[in-house]
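Inspection log for the structure reproduced underneath, given as structure tokens.
In the numbering used here, the protein residues as written are 78 to 351.
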């Protein structure tokens with residue numbers, strides 16, 4: 078059996094919360110709430126790859142009966158035009174994959190980076206769109222790099238929707254999804270806040286949906302808010318969670334405070350979804 082193979086059909090997790098002091102407090106809360114995993118947020122200083130300690134994470138997994146997924150830094154840019162900076166990003170990804178293998182972490186979540194754009198009088202020109210050959214060459218390097226480092230471990234790198242995939246990003250994601258080590262994350266709150274502009278693309282690639290970020294939100298006409306308590310916005314949560322179950326995907330309840338997380342779990346329990 079591969080070290081990251083699923084054991085159960087539908088797991089719920091929580092993000093690392095900024096109001097908690099350390100990793101163990103997050104693990105203790107995860108256990109207290111009856112959740113299955115904690116998603117480590119590499120945007121926080123204490124969760125940089127140089128601080129990954131295999132023994133600590135393994136001990137916490139055993140103590141609290143949970144596991145971990147990882148969210149790569151949101152500003153990760155695998156096509157960064159400065160080769161020195163891109164090399165540093167690749168090193169970060171390599172260190173993260175190595176750590177994920179050692180602690181049997183099944184999913185590494187990432188964003189696509191839109192890159193720089195040039196504002197013309199009547200439009201925005203994205204550099205990655207105009208210089209698409211160079212962009213796709215960098216994406217190809219990233220794809221091959223990840224496939225080599227992941228090997229047969231079963232780890233998935235799941236690409237999350239944010240504020241709407243640009244056309245050049247869809248082409249890049251399609252190319253990544255050709256390999257089995259890549260999948261998709263549907264962030265349902267991000268999706269509603271950009272008026273579901275990614276829904277058609279995500280549903281067209283439903284077989285690649287392996288991870289969900291579940292939180293409520295509102296459309297642009299309602300102020301485009303997200304990361305709200307479940308049941309406090311406009312997301313069709315019943316449909317999204319039903320799809321997650323059909324996809325045998327994990328769900329991070331991605332509210333950002335302890336209170337919101339508890340409220341959301343209560344909502345799920347009342348709906349019979351937890």
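Where is the CB? At the ideal position from N, CA and C, for every residue including glycine.
Could you give the first and the last residue of the continuous alpha helix (DSSP H) run that contains residue 307?
Here the question's residue 307 lines up with position 230 in the chain shown. If you look at residue 307, you'll find it isn't in any alpha helix (DSSP H); DSSP assigns it neither H nor E.
Candidates 278, 284, 316: closest to residue 293 by CA position:
For this step, residue 293 is matched to residue 216 along the chain shown. Comparing Cα-Cα distances from residue 293 to each of 278, 284, 316, the minimum goes to 316.
Check for me: the beta strand (DSSP E) holding residue 261 runs from which residue to which?
As a first step, residue 261 is located in the chain shown; it is residue number 184 there, counting from the start. Segment 259 to 264, the beta strand (DSSP E) holding residue 261.
Confirm, please, whether the CB-CB distance from residue 232 to residue 177 is below 7 angstroms.
Here residue 177 is taken as the residue at index 100 of the chain shown, counted from 1. Here residue 232 is taken as the residue at index 155 of the chain shown, counted from 1. At the C-beta level, residue 177 and residue 232 come within 7 angstroms of one another.
Identify the continuous beta strand (DSSP E) that holds residue 116 and give its terminal residues.
Looking up residue 116 in the chain shown gives position 39. Membership of residue 116 in the beta strand (DSSP E) is indicated by the continuous run 114 to 118.
What do you get for residue 197, buried or exposed, if any count of 16 or more other CB atoms within 10 angstroms of its CB means buried?
Within the chain shown, the letter at position 120 stands for residue 197. Burial is judged here by how many other beta carbons sit within 10 angstroms of a residue's own beta carbon; residue 197 has fewer than 16 and is exposed.
When DSSP labels each residue in this structure, what does residue 232 get in the three-state scheme?
Counted from its first residue, the chain shown places residue 232 at position 155. If DSSP states are grouped into helix, strand and coil, residue 232 belongs with coil.
By alpha-carbon positions, which one of 121, 133, 93 ends up nearest to residue 114?
Position 37 of the chain shown, counting from 1, holds the residue named residue 114. Measuring from the Cα of residue 114, the nearest candidate turns out to be 93.
Assuming residue 331 and residue 304 are in contact, meaning their beta carbons sit under 8 angstroms apart, how far apart are those beta carbons, in whole angstroms?
Residue numbering aside, residue 331 sits at position 254 when the chain shown is read from its first letter. Residue numbering aside, residue 304 sits at position 227 when the chain shown is read from its first letter. Between residue 304 and residue 331 the Cβ distance is about 6 angstroms, and since that is below 8 angstroms, they are a contact.
Just to confirm the assignment, what range does the alpha helix (DSSP H) spanning residue 73 have?
What the structure shows of the chain is the stretch from 78 to 351, and residue 73 is not part of that stretch, so it cannot be assessed.
For a minimum of 4 consecutive residues, which ranges assigned as the alpha helix (DSSP H) are wholly contained in the stretch 105 to 153?
Counting only runs of 4 or more, we get 131 to 141.
At least three beta-carbon pairs within less than 8 angstroms, the stretch 131 to 146 to the stretch 156 to 166:
The stretch 131 to 146, when compared against the stretch 156 to 166, does not touch it at the 8 angstroms Cβ threshold.
CB contact flag (residue 246, residue 189, <7 angstroms):
Within the chain shown, residue 246 is the residue found at index 169, counting from 1. Within the chain shown, residue 189 is the residue found at index 112, counting from 1. Taking 7 angstroms as the Cβ cut-off, residue 246 and residue 189 qualify as a contacting pair.
In whole angstroms, what is the alpha-carbon distance linking residue 182 and residue 203?
In the chain shown, residue 182 corresponds to position 105, counting from 1. In the chain shown, residue 203 corresponds to position 126, counting from 1. Cα to Cα, residue 182 sits roughly 34 angstroms from residue 203.
Tell me residue 201's beta-bridge partners as DSSP assigns them.
Looking up residue 201 in the chain shown gives position 124. The partner list for residue 201 (beta bridge, DSSP) reads 196.
Throw me the rounded Cβ distance for the residue 261 and residue 286 pair, which I believe falls under 8 angstroms.
Walking along the chain shown from the start, residue 261 turns up at place 184. Walking along the chain shown from the start, residue 286 turns up at place 209. Sure, about 5 angstroms apart at Cβ, within 8 angstroms.
Is the beta carbon of residue 184 sitting closer than 7 angstroms to the one on residue 146?
Translated into the one-based positions of the chain shown, residue 184 becomes position 107. Translated into the one-based positions of the chain shown, residue 146 becomes position 69. Taking 7 angstroms as the cut-off, the Cβ atoms of residue 184 and residue 146 count as close.
Backbone secondary structure at residue 366 - three-state DSSP:
Past the edges of the chain, shown from 78 to 351, lies residue 366, and the structure says nothing about it.
Kindly indicate which residue of 334, 314, 335 has the alpha-carbon position closest to the one of residue 328.
Translated into the one-based positions of the chain shown, residue 328 becomes position 251. It is 314.
Counting only the same chain and skipping the five closest in sequence on each side, list residues whose C-beta sits under 8 angstroms from that of residue 201.
Position 124 of the chain shown, counted from the start, is the residue given in the question as residue 201. Apart from sequence neighbours up to five positions away, the residues of its chain that approach residue 201 with a beta-carbon distance below 8 angstroms are 194, 195, ordered along the chain.
Quick one: residues in its chain with C-beta nearer than 7 angstroms to the C-beta of residue 148, no 5 flanking neighbours on either side, listed in chain order?
Here residue 148 is taken as the residue at index 71 of the chain shown, counted from 1. Within the same chain, 116, 117, 118, 119, 186 come within 7 angstroms of residue 148 by CB-CB distance, once the 5 residues on both sides are set aside.
Distance CB(residue 91)-CB(residue 307) smaller than 7 angstroms
Taking the first residue of the chain shown as position 1, residue 91 is located at position 14. Taking the first residue of the chain shown as position 1, residue 307 is located at position 230. No.
Buried or exposed: which applies to residue 283, given that a residue is buried once 16 or more other Cβ atoms fall within 10 Å of its Cβ?
Position 206 of the chain shown, counted from the start, is the residue given in the question as residue 283. Counting every other CB atom within 10 Å of its CB across the protein chains shown gives residue 283 a total below 16, marking it as exposed.
Please report the Cβ distance between residue 258 and residue 224, rounded to the nearest whole angstrom; I am assuming they are in contact, meaning their Cβ atoms lie under 8 angstroms.
Sequence index remark: in the chain shown, residue 258 carries index 181 (1-based). Sequence index remark: in the chain shown, residue 224 carries index 147 (1-based). Contact flag correct, Cβ pair sits at about 5 angstroms.
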